[in-house]
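K.L.:
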């Protein structure tokens, strides 16, 4: 069985936003601040660089009891003994990703429409990443902002939803109130002056919104 889904505060790495600081140290700080999941997304890195970074992230997330997800690469998720893989609409289809990672790892799928989410569910996805909720410059192929209404449209499908795209302390609550199980953030933590404090503030906002 896959590990328990705890997606409240979901951090996605991006070396381009780290302001010269080691990603590992930013992730350590974010974990101290309370992130629930960490996704390795390193499209600008070579495969060897992703492996090296992934090994370090796997070690610290395992120690902290935080989910570790690999973006795009199901084979890398298996090689790093990650908790799962997250694929987009142009990546390996969810059913084939599942065949690679097996039944004991999570498969997350990015979706922007009800039809994409239905297909993902039929292919065995464990959760849906929905976005871009707001405009974002961290993922150039994210498409136009779709707003929180999309979360409400996808919620009846029954899969946990993680909102992503332009989310920070100022709007995270409305994403959760709209029905998301959690929020995925990049620059709000990776580029923050104090990643630990940024994560802690977001965690408090999300927790409060989940209680409403």
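Numbering (the working numbering), first residue to last: 15 to 226.
Idealized CB from N, CA, C, for every residue including glycine.
Please read all numbers here as calculations on a predicted model, not as lab measurements.
#1: DSSP three-state label for residue 123, please.
#2: Within the segment 175 to 206, note down every full beta strand (DSSP E) run reaching 3 residues or more, in order along the chain.
#3: Within 10 Å of its beta-carbon, does residue 226 have 16 or more other beta-carbons around it, so buried, or fewer, so exposed?
#4: Could you name each continuous alpha helix (DSSP H) segment of 4 residues or more that falls completely within the segment 85 to 173, going from the start of the chain to the end?
#5: With C-beta atoms as the reference, is residue 217 less than 7 Å away from residue 173?
#6: Tell whether a beta-carbon distance below 7 Å holds between residue 123 and residue 99.
#7: Buried or exposed: which applies to residue 81, given that a residue is buried once 16 or more other Cβ atoms fall within 10 Å of its Cβ?
#8: Using the three-state DSSP reduction, which class does residue 52 fall into: helix, strand or coil?
#9: Leaving out five residues on either side along the sequence, give the residues of the same chain with a beta carbon under 8 Å from the beta carbon of residue 176.
#10: What does the alpha-carbon distance come out to for the pair residue 104 and residue 184?
#11: Hey, is the segment 199 to 207 in contact with the segment 160 to 168, meaning 3+ C-beta pairs nearer than 8 Å?
#12: Quick one: using the 10 Å Cβ neighbour count with 16 as the cut-off for buried, is residue 97 buried or exposed?
#13: Quick one: what does DSSP say residue 224 is sitting in, helix, strand or coil?
#14: When burial is assigned at 16 or more other CB atoms within 10 Å of the CB, is residue 62 buried or exposed?
#15: What is the rounded straight-line gap between the Cα of residue 159 and the Cα of residue 178?
#16: Alpha helix (DSSP H) containing residue 19: first to last residue?
#17: Can you tell me where the beta strand (DSSP E) holding residue 25 begins and where it ends?
P.N.:
Straight from the coordinates:
#1: strand
#2: 175 to 178, 196 to 199
#3: exposed
#4: 88 to 93, 108 to 115, 128 to 136, 163 to 168
#5: no
#6: no
#7: buried
#8: strand
#9: 21, 24, 122, 141, 142, 143, 144, 194, 195, 196, 197, 198
#10: 30 Å
#11: no
#12: buried
#13: helix
#14: exposed
#15: 10 Å
#16: Taken as a continuous stretch (DSSP letters only), residue 19 belongs to no alpha helix (DSSP H), as it is neither H nor E.
#17: 23 to 26
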